Structures are given as C-alpha cells and as structure tokens.
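By the numbering used here, the letter at position 260 of the sequence shown is numbered 247, and the numbering carries on one by one without gaps.
Remarks on the structure that follows.
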Amino acid sequence: MSEPVLFGLPISLAFLYFIFYSFLGWGMETIYCSVMERHFVPRGFLYGPLCPIYGGGVLMMICWFQPLMGNPVLFYLVATVCMSAWEYFVGWFLETTTHMKYWDYSMYKFNLKGRICLWVCLMWGALSFLVLYFIHPPVAELLDRIPLIQRYVLDGFLLGALTFDSIATIYQLARTSQLMGKLQQAGDELRLQLHLGRVEFSDRLEEARDRLDDLIPDELDEKGQALKARYDELAARTELLSRRFRGTYSHMAAASRNAEAFESVKRRGEELKEKLEAARRFREEEK
C-alpha cells in the first residue's frame, strides 16, 4: 500500500517537517523575545517548544512555493502575500475562538487590525527565501534518510505528544476565557451596584468607582461587599490561570467585550510581581 501524500509530499515526512519547523520557529521567537525583554521568554501558547504557525507556514512554502524558486522576484512577492495572509488568518482565528489578542502590531505604521504590518510582511518574504533556498535542502536530505518504519514510529510518538499538549492548552484557554467572561459580568454587576448607591458613598469611592480593584469592602453595603468578594475571587483565579499566556505574550490583550476584566487581571499580576520582588529584596537585606 502506498503512503498517503500531501501536495506530492509523503504525509509522514510532511509531519516531521511540521514538527521541525515549529520547533525552529519557537527557538527563533524565544531568542528574539528573550533578548528584547532581557529575560527568558518561552514563546508559543503550547506547553512544549513548538510554534505551529511556523510549522504550518513552512509546509505551505514547501508545497506551494517551490515551483516558483526559478524566479526569485516572483517567489518573494508570492511568499510575502501568502505568508502574511496566513499570519492574519491565525491571528483572526485565535481572537475569534479565545477572545484574546496574542500579538498586536497596532503601534507600527501600515498595520491591518494589528494582526499584520508592513515590515513583518516583508520579513515573511525574506524568511521564506532563506528557508527554501538554504535551510530546507539539508533538512530534507537529513529527514529523508530515516527509514519508513522508524519514521512512522517517530511520527506516532510526536503526534501523541502534540495531541496531549494541544488538549491541555485548549482546556486552559477555554477555562481562562470562561473565567474572563464571568469576571467581566461580575464587574458589570458591581458597577451597577455602585451606580445605584453612589450618592451614599464617600468622595473617594466616587472617584474610584471605575477602578474596582481600589474599592474598600467597608465602604460598600452588604450586597456590594458580596459582589466585591466574588469579583476578587474571580480575578485571582483568572490571574493564576492566565499567567503563563501573559508571560509568554507581553502584548497580550483581551477582545473588547472582556477588556476591562483583562486589565484588572493584568494589574493584579503586576501587583503580585511587585510584592514578590519586595519580599525577595527584604530577604536579601536580612542576609
């Protein structure tokens, strides 16, 4: 029985390419972000060292762009357009399904909804050129040497690990999104309570009504205190659950419907980091 093919590429080999370039993309992004932020930043929303957007992107290059390699200019233009469209699609898909923005190019000129921008699009074309002309030939030669049976065994192991990792990550994303929605709802209820009773509150509470984190339980009535306690509990749980994603994507932001809740979670995370840093400095001074 012949092996299934994907655009003329054996499926077992295509999967190895996907894993290899997902790992290579993870390494590239991790090094870049770690240097820029001056501390280790393991990129990618999976637990493992993989960035699937790169694995899928390089598979597109191998399957679709190789016939254009005889014309470097046309190759660059097509690669730039196609890979930019791929990044835009992945960004849109993640925002739609998880209600979170994992990268944002809004601070750069010539961006499209913050999902892509001109200089990154041009880099995609250059990266495609580098991969297909220089990196992929020796990689393909190396992986082609793996005997078919061993390739199937390796594919099975990697597929199992990837599946387990994906399920764990999707579950965490779903729980984070669910908690974010509940936190936003609790915040809206607390704001309504503040609006209904704000005439009875002090001037400080009137000024802080839009910063729910600043509210003091003693200044609230019984219903308000219960709402504030629930809000604080949800915020703490959401902060803990989303910590890995926020640490990985420094520009991570919530979709508009959960924006206020996400800002509250970010503030709590920053306050916790400051407390931990203060405790560390205190311990060092005691020594």
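By construction, the Cβ of each residue, glycine as well, lies at the ideal position given by its N, Cα and C atoms.
Note that the structure is predicted; figures quoted are calculated from it, not measured.
For the set 4, 251, -9, 136, the Cα lying nearest the Cα of residue 40 is the one of 4.
For the beta strand (DSSP E) assignment, the stretch 19 to 72 encloses no uninterrupted run of at least 3 residues. For residue 130, same chain residues with a beta-carbon under 6 Å away, outside a window of 5 residues either side, are 3 in chain order.
Within the same chain, and ignoring the five residues on either side of residue 45 in sequence, the residues whose Cβ sits closer than 7 Å to its Cβ are 4, 8, 118.
Under the three-state reduction of DSSP output, residue 133 falls in the coil class, being neither helix nor strand. With at least 16 other beta carbons inside 10 angstroms of its own, residue 70 counts as buried. About 16 Å separates the Cβ atoms of residue 13 and residue 74, ruling out a contact at the 8 Å cut-off. In chain order, 67 place their CB closer than 8 Å to the CB of residue 109, counting only its own chain and leaving out the 5 sequence neighbours on each side. With a cutoff of 7 Å on beta-carbon distance, residue 156 and residue 37 are scored as not near each other. Our two residues, residue 174 and residue 93, have alpha carbons roughly 27 Å apart in a direct line. Per the DSSP secondary-structure output, residue 87 pairs in a beta bridge with 241.
Around the CB of residue 103, 16 or more other CB atoms lie within 10 Å, so the residue is classed as buried.
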